[in-house]
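> Numbering (this note's numbering), first residue to last: 230 to 560. Pasting a structure below so you can have a look.
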Ligand SMILES: [Mn+2]
């Protein structure tokens, strides 16, 4: 049995500050390459580890192009929703998202907690389970989202999780899960996404843990500049388990597509906003329409035009987000 696993493409039409290329064209080239790999290896099914989209409200024109590629993968695609596919990091919101639209159009098959898919090929049988992103996932002491049982009736169990799974201890104030916390799982292979840097393949007592890293590079951190996006081809057979990491040919070297300028610009912007906050003390905006707030900003004294334009941008993007939420709630 052959299975293709990839994670975190973050498909979007939005331009990232960290990118010098056209992110959408690049990510679609990568998705097309992964689709071609699924045909080349004639995989029995595909798995995506979540964050298919960068946002739950991705534009319909972008979603329709994503559908065009994903529906043409060789065989079915199973997926767990990621933190970016839904809002509130809660898979219960799937029906109100573009991810949900793709699932209801049968382009993808989402996996939910408590569900077991039984897949058979020849004399090999496999149990497939998944844990979508959830705000509570790492907090549970029993780590139940990560741990599955495997019935005697199946040869292999694969579990897919969109969660903060790492090899080594992370910062204390960030909830995370260590591979060593979940080695009592009965899954033969635990596949994870969410952590874009990934950790490759880790084997402990014959159990495999794998995060190949994100297909999309959405930030220009120093680690991302060095990282080559990869997918995983899983072979299950008489000789056991083999996980093969395959680098994507369509992914250019980091320095050719990623720019540090955005990170530096953001630091400057934050410093400027801090200055603005200090000046904001004692200032009261008129209650009423957003237009009144813009007028009040215009009238502010002792504030530079640049600061005013940054504040106007922030307010208009907040307003846009608010309007989107209104239309989603109405629908
Ligand atoms: Mn992600």
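Don't be surprised by glycine CBs; every beta carbon is placed ideally from N, CA and C.
Who are the Cβ neighbours of residue 244 in its own chain at under 7 angstroms, not counting the five residues just before and after it?
Looking up residue 244 in the chain shown gives position 15. Same-chain partners within the cutoff: 252.
> Quick check: what's the CA-CA separation for residue 447 versus residue 526?
Looking up residue 447 in the chain shown gives position 218. Looking up residue 526 in the chain shown gives position 297. Using only the alpha carbons, I get a separation of about 33 angstroms.
> For residue 560, is the classification buried or exposed, using 16 other Cβ atoms within 10 angstroms of its Cβ as the cut-off for buried?
Mapped onto the chain shown, residue 560 falls at position 331. Since pLDDT at residue 560 reaches only 49, below the 50 mark, its modelled position is unreliable, and no value is offered.
> Under 5 angstroms, CB to any heavy atom of ligand 1. Which residues pass, going along the chain?
The set, ordered by position in the chain, is 237 and 280.
> Among the residues of its own chain, which have a CB less than 6 angstroms from the CB of residue 239, if the five just before and after it don't count?
Translated into positions along the chain shown, residue 239 becomes position 10. Closer than 6 angstroms at Cβ, skipping near neighbours: 280, 283, 445 and 447.
> To the nearest angstrom, how far is it from the Cα of residue 241 to the Cα of residue 383?
One-based indexing of the chain shown puts residue 241 at position 12. One-based indexing of the chain shown puts residue 383 at position 154. Roughly 38 angstroms between the two C-alpha positions.
> Between residue 474 and residue 385, how many whole angstroms is the CB-CB distance? I'm expecting something under 8 angstroms.
As a first step, residue 474 must be located in the chain shown, where it is residue number 245. As a first step, residue 385 must be located in the chain shown, where it is residue number 156. That belief does not hold up - the Cβ atoms of residue 474 and residue 385 are roughly 19 angstroms apart, past 8 angstroms.
> State the DSSP-derived secondary structure class of residue 580, mapped to helix, strand or coil.
For residue 580 there is no data in the structure shown, the boundaries of the chain being 230 and 560.
> Just mark residue 307 as buried or exposed, buried being the case when its beta carbon has 16 or more other beta carbons within 10 Å.
Within the chain shown, numbered from 1, the residue matching residue 307 stands at position 78. So residue 307 ends up on the buried side.
> By a C-beta neighbour count over all protein chains shown, 10 Å radius and 16 as the cutoff for buried, is residue 267 buried or exposed?
Locating residue 267 in the chain shown gives position 38, counting from the first residue. Its Cβ being crowded by 16 or more others within 10 Å, residue 267 is buried.
> From residue 292 to residue 336, what does the alpha carbon distance come to, in whole angstroms?
Stepping through the chain shown from its first residue, residue 292 is reached at position 63. Stepping through the chain shown from its first residue, residue 336 is reached at position 107. Near 11 angstroms, if we compare the C-alpha coordinates of residue 336 and residue 292.
> Label residue 273 either buried or exposed according to how many other C-beta atoms from any shown protein chain fall within 10 Å of its C-beta, with 16 as the threshold for buried.
Looking up residue 273 in the chain shown gives position 44. Flag for residue 273 reads buried.
> Would a C-beta distance cut-off of 8 angstroms place residue 345 and residue 356 closer than the cut-off?
Walking along the chain shown from the start, residue 345 turns up at place 116. Walking along the chain shown from the start, residue 356 turns up at place 127. For residue 345 and residue 356, yes; Cβs fall inside 8 angstroms.
> Going by the beta-carbon positions, is the gap between residue 387 and residue 417 smaller than 8 angstroms?
The residue you call residue 387 lines up with position 158 of the chain shown. The residue you call residue 417 lines up with position 188 of the chain shown. Yes, they are a contact pair.
> Excluding the 5 residues flanking residue 428 on each side, which residues of the same chain have their C-beta closer than 6 angstroms to its C-beta?
Residue numbering aside, residue 428 sits at position 199 when the chain shown is read from its first letter. Excluding positions up to five away in sequence, the list reads 396 and 440.
> Mind checking who residue 440 pairs with in its DSSP beta bridge?
For this step, residue 440 is matched to residue 211 along the chain shown. Answer is 429.
> Report the rounded CA-to-CA distance for residue 408 versus residue 271, giving the unit in angstroms.
Within the chain shown, the letter at position 179 stands for residue 408. Within the chain shown, the letter at position 42 stands for residue 271. Looking at the two C-alpha atoms, the distance is approximately 31 angstroms.
> Would you identify the three-state DSSP class for residue 549, choosing helix, strand or coil?
Taking the chain shown and counting its residues from 1, the one referred to as residue 549 is at position 320. If DSSP states are grouped into helix, strand and coil, residue 549 belongs with the helices.
> Just confirm the distance between the C-beta atoms of residue 457 and residue 476, as a whole number of angstroms; I'd bet it's less than 8 angstroms.
Counting from 1 along the chain shown, the entry for residue 457 is found at position 228. Counting from 1 along the chain shown, the entry for residue 476 is found at position 247. With 8 angstroms as the limit, residue 457 and residue 476 qualify as a contact, their Cβ atoms being about 5 angstroms apart.
> Within this structure, are the beta carbons of residue 460 and residue 278 separated by less than 8 angstroms?
On the chain shown, residue 460 is found 231 positions in, with the first residue counted as 1. On the chain shown, residue 278 is found 49 positions in, with the first residue counted as 1. No, the Cβ-Cβ distance between residue 460 and residue 278 is not below 8 angstroms.
> Label residue 349 either buried or exposed according to how many other C-beta atoms from any shown protein chain fall within 10 Å of its C-beta, with 16 as the threshold for buried.
Along the chain shown, one-based indexing puts residue 349 at 120. With fewer than 16 Cβ atoms within 10 Å of its Cβ, residue 349 is classed as exposed.
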